[in-house]
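Quick note: the sequence shown uses the numbering used here, first residue 101, plus one each step. Backbone N, C-alpha and C define an ideal beta-carbon position, used for all residues, glycine too. Take a look at the structure set out below.
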Amino acid sequence: MKTLLLNDFTEIELQMLELATTVRENAYAPYSHFRVGAAVLGIDGEIYTGCNVESADFTLTSHAECVAIDSMVKHGCHEIKLLLIVLESLHAPSFPCGLCRQKTSEFTDNNDLKIISVNLDSESKISKIYETSLNELLPNRFTSENFLNL
């Protein structure tokens, strides 16, 4: 994991940041008030977005990363080049949860897939930006290769 500055962003990463920040405002989080926006860059060069949608039964909650990936698939793209999330986190780096890490891994063969987390302060201003890889977050991930041993 490393920290980044906004100046380190490429043009496409800046576009993803803007889109994820905007869609985060649409998050439905009446219970946790934890709003997340996500942007996925597909292998087709398109950016797909998603926000979290909570339910009183938290098992029915849709995570922003999963919504963005589902949008990508809905449009016929099945491979992720980059994942960026935007969320409020005051004390520590925040990255996708285990479920979102696994779902992300379903749509890439790239263990070094770049994952950027833009952490906001309580006033929705950027406080920290972190970059990591899928492999760092999910080593020894479960893939279709695991089924070949059955």
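What three-state label does DSSP hand Ala-139 in the structure shown?
Working through the sequence shown from its first residue, we reach residue 139 at position 39. When DSSP states are grouped into helix, strand and coil, Ala-139 belongs to the strand group.
Which residues in the same chain as Thr-103 place their Cβ atom closer than 7 Å to its Cβ, once the five residues preceding and following it in sequence are excluded?
Taking the first residue of the sequence shown as position 1, residue 103 is located at position 3. Excluding positions up to five away in sequence, the list reads Lys-228, Ile-229, Tyr-230.
Flag this pair as yes or no: are the beta carbons of Gly-137 and Ala-127 separated by less than 8 Å?
Position 37 of the sequence shown, counting from 1, holds the residue named residue 137. Position 27 of the sequence shown, counting from 1, holds the residue named residue 127. Going by C-beta atoms, Gly-137 is nearer than 8 Å to Ala-127.
Through-space distance from Phe-158 to Ser-171, alpha-carbon basis:
Numbered from 1 along the sequence shown, position 71 holds the residue referred to as residue 171. Numbered from 1 along the sequence shown, position 58 holds the residue referred to as residue 158. When rounded, the distance between both Cα atoms is 21 Å.
Inter-residue spacing [alpha-carbon to alpha-carbon] between Ser-244 and Glu-206
Position 144 of the sequence shown holds residue 244. Position 106 of the sequence shown holds residue 206. Computed Cα separation, rounded: 9 Å.
Thinking C-alpha only, which one of Leu-119, Glu-154, Gly-198, Leu-117 is nearest Arg-135?
Position 35 of the sequence shown, counting from 1, holds the residue named residue 135. Of Leu-119, Glu-154, Gly-198, Leu-117, the residue nearest in Cα terms is Glu-154.
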